[in-house]
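Spelled out as structure tokens, the structure:
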């Protein structure tokens with residue numbers, strides 16, 4: 001067996017002189033101890049006994065001898081003062097580092113490389129609570145020496161190791177390292193590679209400065225291919241890079257992502273699967289809460305995740321399918337909780353308690369239902385839908401990921417219809433935006449008009465605002481608005497104009513369709529009905545303007561339809577009005593451009609100030625506000641309560657009393673502008689009853705201040721009652 005191993009070693013790689021001598025000695029001992037077996041080997045395996053001394057690798061032997069002599073030399077230099085009293089043997093100086101670098105540049109001497117890596121290990125573990133460890137050769141250095149060692153190793157060690165292992169100066173993939181692992185050169189030098197990567201990982205976990213961490217990851221990127229030989233180190237590097245990617249600041253997240261992406265490209269599916277799972281988990285952890293400042297960071301994480309999937313689209317489909325299915329199961333649970341009812345057996349009488357509490361649910365069932373709804377209507381779920389919408393839109397032309405568009409569309413539509421309450425209109429608007437993006441990227445028709453038109457059916461939009469101006473509402477950074485905010489002018493304007501923008505976006509996508517007249521018919525009818533039912537003139541004007549644009553686009557397409565001579569199933573129908581589509585000459589295409597600019601102006605205004613009052617309460621465009629006859633004098637007084645303090649409230653009440661002394665016709669004319677005591681945004685949450693179901697908006701009562709105001713107005717308009725009856729009763733009570 002020993003002879004066979006030596007023979008295989010002789011055939012696979014060149015032998016050193018030491019190994020050759022051992023092999024010859026083994027053959028001589030075999031001939032003396034068992035001559036019969038030796039003669040048998042001569043007849044049947046003659047090649048085993050014919051040892052060729054030319055197979056000895058003189059170069060390799062010289063390298064080993066040089067390595068041993070260099071190690072002894074550097075050990076002697078480091079241990080000159082071993083018997084002395086001064087601990088100079090543990091001190092690393094700049095001269096020592098320069099001598100190592102000079103020897104490495106001259107001929108890549110292995111002894112200098114080992115000493116430099118020992119110094120690098122001491123620098124990486126500098127300051128650790130290791131105590132008096134006798135195994136560490138170096139343990140003391142100045143700050144300048146520390147910086148020099150870190151810079152030299154991080155900038156040059158990758159090239160040094162590649163030259164030592166006879167690899168290309170850059171690049172490489174997993175297969176290259178796998179082939180290298182079978183060679184003797186790797187067996188002799190792999191501990192150097194492991195020492196470099198392991199110590200660098202240790203110092204990454206200890207550093208707190210983002211710039212230093214980014215510099216290290218930028219240099220370690222070139223050596224990431226060596227991690228194919230060390231799976232445990234690879235998992236740790238991926239974990240550390242994911243942490244910096246999700247929580248870092250400045251350039252660190254970008255550098256961390258580039259490290260992860262290069263590792264996935266070079267190492268293949270083993271690293272890609274862990275990176276996709278880790279990045280998705282990090283994305284979800286960052287999406288619990290959303291505000292204006294965090295929105296950009298979440299968008300960056302989403303873009304990085306989408307870019308990582310480009311490495312292997314077929315493998316990305318497997319992960320996307322699993323995660324989208326999880327979202328579907330969560331929605332299914334919420335839908336079953338909202339529609340599930342206990343069946344009543346035939347002939348069974350209702351329990352006595354049910355007659356007293358008819359129509360009410362038990363606390364346990366209502367709590368469980370709220371929990372199921374909360375799983376869907378939370379930032380984590382909505383942002384996951386946004387993420388996969390971006391994935392489907394980015395890879396809509398890929399055959400592997402395009403089939404995910406249909407199930408994702410069904411999930412988004414179900415989420416929008418889960419709770420038709422007006423408090424969750426921001427969620428519905430986000431869902432509609434996602435559906436419009438999928439429709440535009442895939443070229444598939446998605447009926448989103450009904451989701452938008454149903455939002456116009458709430459009773460608050462059909463009457464003047466009863467809650468005053470209110471705080472400006474950013475529908476992109478909120479999921480739910482309070483019931484008190486539904487009655488404010490700011491929310492109503494944001495809701496109506498968002499519906500107009502998204503509906504126009506949807507219709508503009510199909511404004512060049514040959515069936516545009518049929519597609520827009522229902523929308524036109526519903527918009528006309530809203531114009532007739534609403535009492536707010538500014539909403540009526542916007543709707544009429546949109547209706548005129550739809551009619552103009554229908555007339556534009558009808559003229560084109562009269563000139564066609566092909567059948568609907570003709571392939572030439574796909575290129576219908578292709579020139580007009582490229583030039584964007586349809587009326588709706590021009591109109592949507594102005595709406596996008598108006599939406600951008602409104603978004604910029606919200607970023608500048610969180611509270612906008614008076615005639616600037618919601619900036620929807622100068623043209624609309626100029627043409628509007630809406631009187632904002634009372635709104636300015638109401639909004640002034642936020643800025644002027646409690647003393648201004650008394651002045652406002654005096655103005656309201658003076659207003660009541662005017663004729664009744666004038667009071668009715670400005671009924672839209674009359675507001676009661678303004679409720680601060682911090683008190684709005686106390687007005688919302690948690691026990692009241694969110695979907696039941698019909699039972700929501702007006703604020704007490706508004707009720708008192710309406711009673712006073714009715715008494716003022718009723719001529720049969722004396723005006724000063726209440727004041728006389730109060731005087732009598734005070735006199736008594």
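Numbering (UniProt numbering), first residue to last: 1 to 736. Even for Gly, the Cβ is constructed at its ideal location relative to N, Cα and C. From a predicted model like this one, the values you see are computed outputs, not experimental measurements.
- Put simply, of 107, 506, 141 the residue whose alpha carbon is nearest the alpha carbon of residue 119 is 141.
- Put simply, of 373, 309, 311, 158 the residue whose alpha carbon is nearest the alpha carbon of residue 332 is 373.
- Taking 8 Å as the cut-off, the Cβ atoms of residue 260 and residue 245 count as close.
- The stretch 434-443 makes no contact with the stretch 483-494: fewer than 3 CB pairs, one atom from each, lie closer than 8 Å.
- The residue among 465, 519, 523, 579 with its C-alpha nearest the C-alpha of residue 538 is 465.
- Counted as a single uninterrupted DSSP element, the stretch harbouring residue 455 is not any alpha helix (DSSP H), since DSSP gives it neither H nor E.
- With a contact defined as Cβ atoms closer than 8 Å, residue 426 and residue 478 qualify at about 5 Å.
- For residue 381, the closest C-alpha among the options 184, 326, 487 is that of 326.
- In this structure, 455 is the residue among 207, 455, 583 with its C-alpha nearest to the C-alpha of residue 527.
- By alpha-carbon distance to residue 200, the top candidate from 445, 166, 262, 121 is 121.
- Annotated as distal: residue 176 and residue 164, with beta-carbon spacing of 8 Å or more.
- For the 8 Å CB-CB criterion, residue 255 and residue 214 form a contact.
- For the options 557, 473, 534, 570, the alpha carbon positioned closest to that of residue 604 is the one of 473.
- Fully enclosed beta strand (DSSP E) runs of no fewer than 3 residues are not present anywhere in the stretch 211-296.
- Between residue 519 and the set 421, 92, 446, the nearest pair of CA atoms involves 446.
- For residue 311, no alpha helix (DSSP H) run applies, since DSSP gives it neither H nor E.
- Nearest Cα to residue 389 within the set 368, 335, 324, 497: 324.
- The stretch 279-293 and the stretch 185-193 do not touch, with fewer than three beta-carbon pairs separated by less than 8 Å.
- Boundaries of the alpha helix (DSSP H) around residue 547: 537-561.
- Where residue 489 is concerned, the enclosing alpha helix (DSSP H) starts and stops at 489-509.
- The straight-line gap separating the alpha-carbon atoms of residue 290 and residue 96 is approximately 54 Å.
- In this model, residue 310 and residue 161 are separated by some 31 Å (Cα to Cα).
- The closest CA to that of residue 115, considering only 128, 98, 127, is found on 98.
- Of the residues 544, 43, 521, the one whose Cα lies closest to the Cα of residue 532 is 544.
- By a beta-carbon distance limit of 8 Å, residue 243 does not contact residue 124. Their separation comes to about 18 Å.
- Three or more Cβ pairs closer than 8 Å define a contact, and the stretch 313-323 meets that threshold against the stretch 392-408.
- When the beta-carbon positions are compared, residue 554 and residue 516 come within less than 8 Å of each other.
- Note on geometry: alpha-carbon atoms of residue 599 and residue 220 lie some 44 Å from one another.
- If you check the CB distance, residue 546 and residue 475 do not come in under 8 Å.
- In its chain, beyond the 5 residues on either side, 222 have a beta carbon closer than 7 Å to the beta carbon of residue 170.
- Secondary structure at residue 468: coil, using DSSP grouped into helix, strand and coil.
- Within the model, the alpha-carbon separation for residue 153 versus residue 117 is close to 8 Å.
- For residue 414, the enclosing alpha helix (DSSP H) stretches over residues 405-417.
- According to the DSSP assignment, residue 194 belongs to the alpha helix (DSSP H) that extends over 184-206.
- If you check the CB distance, residue 444 and residue 405 come in under 8 Å.
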